[in-house]
Each structure stands twice: as C-alpha cells, then as structure tokens.
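The structure appears right after this line, and notes come after that.
Protein chains: 2
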Amino acid sequence: MSKVDIKSIAKALNLSKSTVSRAFQSNSDINANTRSRILAYANEVNYRPNHYASNLREQKSKTIAVVVPELENNYFTQIIKGAEQIAKEAGYHTLVYATDDNVCKEREFVTSISNGKVDGVLMSVVGEGHDHSYLFNIDLVKMPIVFFDRLYDDVAIPGITTDDYQSSFEATEHLIQEGCKSIAFLVIDKDHSIGKERCMGYTDALKKHQLPVREELIVNCSNSYTENFVIITDLLTTDKPDAVFASVERLAFSTYYVCNHLGVSIPDQVKVVAFSSLQIAELLSPPLSTIVQPAEQIGREAARLLLKNLKNPNLTPSTDQIVLKSELKIRKSSQG
Amino acid sequence: MSKVDIKSIAKALNLSKSTVSRAFQSNSDINANTRSRILAYANEVNYRPNHYASNLREQKSKTIAVVVPELENNYFTQIIKGAEQIAKEAGYHTLVYATDDNVCKEREFVTSISNGKVDGVLMSVVGEGHDHSYLFNIDLVKMPIVFFDRLYDDVAIPGITTDDYQSSFEATEHLIQEGCKSIAFLVIDKDHSIGKERCMGYTDALKKHQLPVREELIVNCSNSYTENFVIITDLLTTDKPDAVFASVERLAFSTYYVCNHLGVSIPDQVKVVAFSSLQIAELLSPPLSTIVQPAEQIGREAARLLLKNLKNPNLTPSTDQIVLKSELKIRKSSQG
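Right, here's the structure in full:
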C-alpha cells in the first residue's frame, strides 16, 4: 500500500493540499460539505493527521490530566466520569493518574507534565503536612490546575469541595435522634483537612445535644482491611458504642465484616452511617445509610472551571472555591 | 529566589556541572555517595531535572498507558492496580485512559500516543466487528502493546485472558447440582468474544446434563440500569427461571434490585451467580456467589509482558497468550 498523506488525499479528491490540511484543523475556514467528504475519505483510507504536529503549532495537547489518590474507590471513578464528560464535549482527552496517596508520586507526576504534555490538571491532593512547595514552581497560566475534594489552602488554586462539616453534623444528629448515646467516629487521618472537617461536624453535633465528646470513640484507622479489622473489633468489644459513623466508605465495610464476625446485629446493637459513593448501598445486608457526595457533579464542575481558565489564558486565572452539597440517604443500617 | 539549576547546584556543592547532571541520569557512572548528596540537596532546594529533556535524549517517556473500556468497574481498577505495581517497580509512570467502549476513542487515543508520548500500552479493546485496522499502522517495536481481558484475534499482539469458557461451565454445573433446571444467562453482547465464550460454557454444561438450551433464557441486556430493570423484570415474571447466571457484575446487581422489587427471594426462588470482582460480595443480602477473575494478577502479568518487550526492543516482540484461571466462590445466593 502506498503512503497515505495529505498529498495523496488531495490528489484522490481533486482538492488542494491546503484545503485537505484545513479539514483536520478545528476552527479553520472550510466548507462543511468539503470537510465531511475529506474526513470520510481519510477514515476510509485509515489516515490520521499527526495530532502532535498540529498540536505543537497550536501549542496545545488537547489533553487534561485527572490526578486522584486511588482508583479503587467509587467516589473517585465517578468524579473522573463527570470530568471526562465535560472534557470530551470540549474536545479534550482525559488521562488519569493515581498517586497512591504518595506526595513524591504527586510531585514527580505533576512536575513531569508541566511542560506542555497536558494542558491542565484536575487534582485531589495527597494531603497536608507534606511539602507541596513544588506547586509554587508550576506556571499556572501555562498549565492551570483545579483542585477537587482535597486542596492545599496556601496555594491560589481554584477548587471544588463538599460541605463535609455540615453533612457530618447532620448524620451525627440523625444517629442521636435514633437514640444513640455513644457514637464512635472512624477516621483515616484525623489531622487531614477532610478528616478534621468531618470530625468537627461530629463533635459539634454531640455538643449541641449535650453528649460528651469521648476521645476513645474517635478512632484512627488505616487503609489496610486487616489492621482495621483488629482496630474495630477492639472498639466494639471494649467501648461497645451504639453507633459507628465511618468518615470513609471502607471503614463502614470493615465495620460490617467485624459485626458479622462478632455476631453483633446492625442496626439493633450498632447503627452505622458512612460517607460513601457505593451505588449498591441498598443491596448490602442491611442496606447502608450513606452520605453521598455529588461525585459526578464535582468532576463536571472541576472540569468546567479548568476549561474556563484554559480558554482565557490572558485573563487572571479564576481562583473560585465552589462548595457542593452532599445528601444523607437514610437506610436500614441506622434506623429503628 | 534565584533560579535553581544544574549550575547553581554545582556551585553550591563545589562539584562540576557534568557530575551534577549525571546524578539525575539513571545508569550513569557516578559515585553513589556523591549522587545521594546531590539528590538530597536538589530535593532541599526543590529542584527537578527537566524530565522530558532527559527523556528525549534517552528516547523514552518512562510512561505506560493502560486503556480500559470503563473505570466504574472493580475488575478494571484492580487490573490497573496490578499493572501500576509492576510499572512502578520498573520506574514507569502509569497513565489510564477510558474508551467508554467507543472504538473511535480507542483509535484516536492509541494513534495519538504512538509517537513516543508513552513507551507502551496495556489495552482491553472495545470489541469485535469494529474496524481496528489502525493497529496495523502502529509500530509495535517502537510502542509495544499487550492486550488483556479482551483482544483482537487478527493482530499479532500478546495478551492475558482468563479461562472464561471453563469457569462459566463450572458455575452452570454448580447451579445444576443445586437442583436448578431453567437457568437464565444474562449477557451484554452475545456476539462479543467474552460473551460468546461464557455463553458456550453455559450451553455446554446444560447439554452435558441433558438440560434443554432455551433461546428465551439467553437474554441480551444493556449497560443501562433502567433498561436492564425492565428486561430482567420481564424475564422473571414471564419465563420464571429458577436461576440467573450473570455474565457481567452489573447484571447481578440489576437482578438483586428486581428481586427486591418483585419480592422474589434469593436463593429460595431464584439462585444467582455472577462474574464479579466486587470485594464486598459477601456483604450483600444475600452474599453473592461470584466467579472471581484474578484481576490484579492480570494487570501484573500484562505489565511484565510489556516490560519484557520494552527492555528488548531488538528482539522480535513476544506474542505470548497467557490464560489465567478464575475462581468460583460459592456463597448464599446460589445455595440451598
């Protein structure tokens, strides 16, 4: 087969090379019918224009990156789905990168793409207390960043978060209204902004209802199912709380496993509520009460904000902070 | 702050620029202590070498891409996790791209990265019957590809799959041994290789046990929960099968929803088995019997095969086909 290029396509269709070339450039001035004809023929002969050569001219990769701590989490995959939807509508590819909650991986990756490999980044950061000064070296006009879910307060970067304090407060109040008096709060990193906000919502709700804030009921867990099994078994056998509020989905799953193992009945002996994006929460035994963050919407809003900054590179980048509302879905695990 | 570069680091540490430069190159000849000293200082002053400039010299991006049909699926996120683990050990970044089961997105993405943007690709392809001739234009020596899960038979590309026929046969036989006589088989795309293999395992098990293969019990579903709800409701009320074998996880969830809605008891009235990587299958009501594909292992093996081809670019690329075994985990949904 002879080489297929702009020249051979132009010859085959009896058009000029410049016309054919323009058919592959967005926003170029060309008759719509002619363009369709060229694209149809190019498709037929399996010709793809050199994406990078043309992007180099436009100085655009037409790609955004979404950086998440982990992929094995419905919350993040739903956010990615929302972001992809908006990116696709605007003609962008979306690449995903997982940091494993490792700040070195975050730094290395974000720095490595900051030279034009992607046009912009949506990012849920690894967390506070880590050196993230590398962000001060990123040219945010050349590669705008939008945070979602977790953010660094000290960098002027726009972000989308949810009302963690308020929804945590409501969930705790719901458990109190169900008659619970010793509510355990499970968290993975107490000192992290999200852990802190959620913990404050929990303690403030206790205080409002004149219940004591007991340090032993605020339990630091880990990302390991094995470790959490031990920690939660210890909690349920020693402190015997009448409710468990899991600030992270996997801690609710661990609580279910421990209750099954110990023969502790949910909700009769222990009520359970969790932050969770699990779409089959109502298929669990018993159906799990969840605080559902609007994950897809977070992804969509974050992508919109990024595209806004990408489209207007000459304007001062927006540093908007948008706070979305989560929804408390009460099911059997926390009732009766 | 003055600019931090190789020159300023060399000056600060009283070393030559060439020594400092070599500290950032893998495999370069430099005293280990000197390298540590340089890297520690570079870290302190937050200096990162220009990754791409040095990669350009090495002609490597040190990045692999994993292409999956969707991310909202535990099976694929576990595969990615396994692949990332191996890639990371070898010093590679892993980028993830979801095709939404759209062959145009697949083609456009794979073609767009084939000019050195990534070093290699792991890919679960969109499916048969689509024009995937673009793959013949990819230089597989410059950018090796390894298929996993789904593959195109007509391209000489190595792949990792699982024993779908055999595990489907076993699951069907298990249902027959539990006394089921009219077993429905739910599939998303009957004509797709995976659907076909699984369907053949199902029909062959029926035949072995002298049970009729009834066309109305082989049901084509879709990726939409709403549509599947209607389809499965119709199946359970019209044909009244005594078992449902879901060839895809989400079809098992839909079956659970429909049974809850109709008041049909699992497993008393309908037994359920599904291909599923859901890690909390035993927390469902009732616990779901699953055929578990070794997802993380698939990812690890695929990445190993890719790295093998990357490390030996002068050898004829391996075109190995590896078949891994899935495991049938029998739980309450299919017993008694």
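Protein chains in written order, with the UniProt record's numbering: chain F, 1 to 336; chain X, 1 to 336. Just so it is clear, CB atoms sit at the ideal spot from N, CA and C, and this is done for glycine as well. Only a predicted model underlies this, so the values are computations on that prediction, with no experimental measurement involved.
Got a sec: is the Cβ-Cβ distance from Leu-46 (chain F) to anything in chain X below 7 Å? Correcting the residue type first, residue 46 (chain F) is Asn in the shown sequence and not Leu. With 7 Å as the cut-off, Asn-46 (chain F) counts as an interface residue toward chain X.
I want to verify the contact list: residues of chain X whose CB lies under 8 Å from the CB of Gln-321 (chain F), in sequence order. The CB of Gln-321 (chain F) never comes closer than 8 Å to any CB in chain X; the least such distance is about 26 Å.
Lys-332 (chain X) - DSSP class collapsed to helix/strand/coil: Correct three-state label for Lys-332 (chain X): helix.
Considering only residues of the same chain and omitting the five flanking positions on each side of Leu-39 (chain X), which have a CB-CB separation below 7 Å? So the qualifying residues of the chain are Ala-23.
DSSP bridge partner residues for Glu-327 (chain F) (one or two, in chain order): For Glu-327 (chain F), which the question treats as bridged, DSSP gives the partners F:Val-292.
Among X:Pro-294, X:Ser-333, X:Val-323 and X:Lys-308, which one has its Cα closest to the Cα of Ile-79 (chain X)? Among X:Pro-294, X:Ser-333, X:Val-323 and X:Lys-308, the Cα nearest to that of Ile-79 (chain X) belongs to X:Pro-294.
For Asn-102 (chain X), which of helix, strand or coil comes out of DSSP? DSSP places Asn-102 (chain X) outside both helix and strand once states are collapsed to three, so it counts as coil.
Considering Cα atoms alone, identify which of X:Ala-246, X:Val-146 and X:Glu-215 is closest to Ser-222 (chain X). Measuring C-alpha to C-alpha distances from Ser-222 (chain X) to each of X:Ala-246, X:Val-146 and X:Glu-215 identifies X:Ala-246 as the nearest.
Could you check where the alpha helix (DSSP H) with Leu-186 (chain X) kicks off and where it finishes? For Leu-186 (chain X), there is no enclosing alpha helix (DSSP H); the residue is found in the beta strand (DSSP E) stretching over 183 to 187.
Minimum C-alpha distance to Tyr-165 (chain X) - residue among X:Ser-182, X:Phe-147 and X:Arg-198: For the residues X:Ser-182, X:Phe-147 and X:Arg-198, the minimum Cα distance to Tyr-165 (chain X) belongs to X:Arg-198.
Could you check where the alpha helix (DSSP H) with Gly-82 (chain F) kicks off and where it finishes? Taken as a continuous stretch (DSSP letters only), the alpha helix (DSSP H) holding Gly-82 (chain F) covers 74 to 89.
Check this for me: beta carbons of Leu-283 (chain X) and Tyr-256 (chain F), under 7 Å apart or not? A Cβ-Cβ contact shorter than 7 Å links Leu-283 (chain X) with Tyr-256 (chain F).
First and last residue of the alpha helix (DSSP H) that includes Asn-260 (chain F)? From DSSP, the alpha helix (DSSP H) with Asn-260 (chain F) extends over 249 to 262.
Simplified DSSP assignment, three categories, for Asn-55 (chain X): Any answer about Asn-55 (chain X) is weak, because its pLDDT of 43 lies below 50 and its placement is not dependable; what the coordinates show is given next. If DSSP states are grouped into helix, strand and coil, Asn-55 (chain X) belongs with the helices.
Here's a check: name, in chain order, each residue in its chain whose Cβ is nearer than 6 Å to the Cβ of residue 338 (chain X), leaving out the five neighbours to either side. No information on residue 338 (chain X) is available, as it lies outside the stretch 1 to 336 that chain X covers here.
Please decide whether Thr-77 (chain F) counts as near chain X, where near means a Cβ-Cβ distance under 7 Å. At least one CB atom of chain X sits nearer than 7 Å to the CB of Thr-77 (chain F).
Own chain partners of Val-20 (chain F) with C-beta closer than 8 Å, once the 5 adjacent residues on each side are dropped: Same-chain partners within the cutoff: Ile-6, Ile-9, Ala-10, Leu-13 and Ile-38.
Neighbourhood of His-132 (chain X) by C-beta distance below 6 Å, restricted to the same chain and skipping five residues each side: Excluding residues within five positions, the ones whose Cβ falls inside 6 Å are Tyr-152.
Is it the case that the region 257 to 272 of chain X contacts the region 137 to 145 of chain X, given that we only count it when at least three CB pairs across the two stretches are under 8 Å? Taking one beta carbon from each stretch, the region 137 to 145 of chain X and the region 257 to 272 of chain X have fewer than 3 pairs nearer than 8 Å; the two do not touch.
To the nearest angstrom, how far is it from the Cα of Gly-127 (chain X) to the Cα of Tyr-92 (chain F)? In this structure, the straight-line span from the alpha carbon of Gly-127 (chain X) to that of Tyr-92 (chain F) is close to 23 Å.
Give every residue of the same chain whose Cβ lies closer than 7 Å to the Cβ of Ile-194 (chain X), excluding the five residues on either side of it in the sequence, and list them in chain order. Annotation for Ile-194 (chain X): Arg-150 and Asp-164 place their beta carbon closer than 7 Å to its own, counting only its chain and skipping 5 residues before and after.
Hey, Ser-265 (chain X) and Ile-330 (chain X): beta-carbon distance below 7 Å or not? For Ser-265 (chain X) and Ile-330 (chain X), no; Cβs fall outside 7 Å.
Which listed residue (X:Ile-188, X:Leu-262 and X:Ala-98) has its alpha carbon closest to that of Val-125 (chain X): Of the candidates X:Ile-188, X:Leu-262 and X:Ala-98, X:Ala-98 places its Cα closest to the Cα of Val-125 (chain X).
Assign Thr-237 (chain F) to one of two classes, buried (16 or more other C-beta atoms within 10 Å of its C-beta) or exposed (fewer than that). Per the 10 Å Cβ criterion, exposed.
Does DSSP classify Leu-151 (chain F) as helix, strand or coil? Leu-151 (chain F) falls in the coil class under three-state DSSP.
Based on DSSP bridge pairs, tell me the residues matched to Asn-220 (chain X). Asn-220 (chain X) pairs with X:Val-187.
Give me, in chain order, the residues of the same chain whose beta-carbon lies closer than 8 Å to that of Met-200 (chain F); leave out the 5 immediate sequence neighbours on both sides. Annotation for Met-200 (chain F): Tyr-165 and Ser-168 place their beta carbon closer than 8 Å to its own, counting only its chain and skipping 5 residues before and after.
Could you have a look at Lys-240 (chain X) and say whether DSSP puts it in helix, strand or coil? Lys-240 (chain X): coil per DSSP, three-state reduction.
Taking Cβ positions, are Ile-218 (chain F) and Phe-185 (chain F) nearer each other than 7 Å? Cβ distance < 7 Å, so Ile-218 (chain F) and Phe-185 (chain F) count as in contact.
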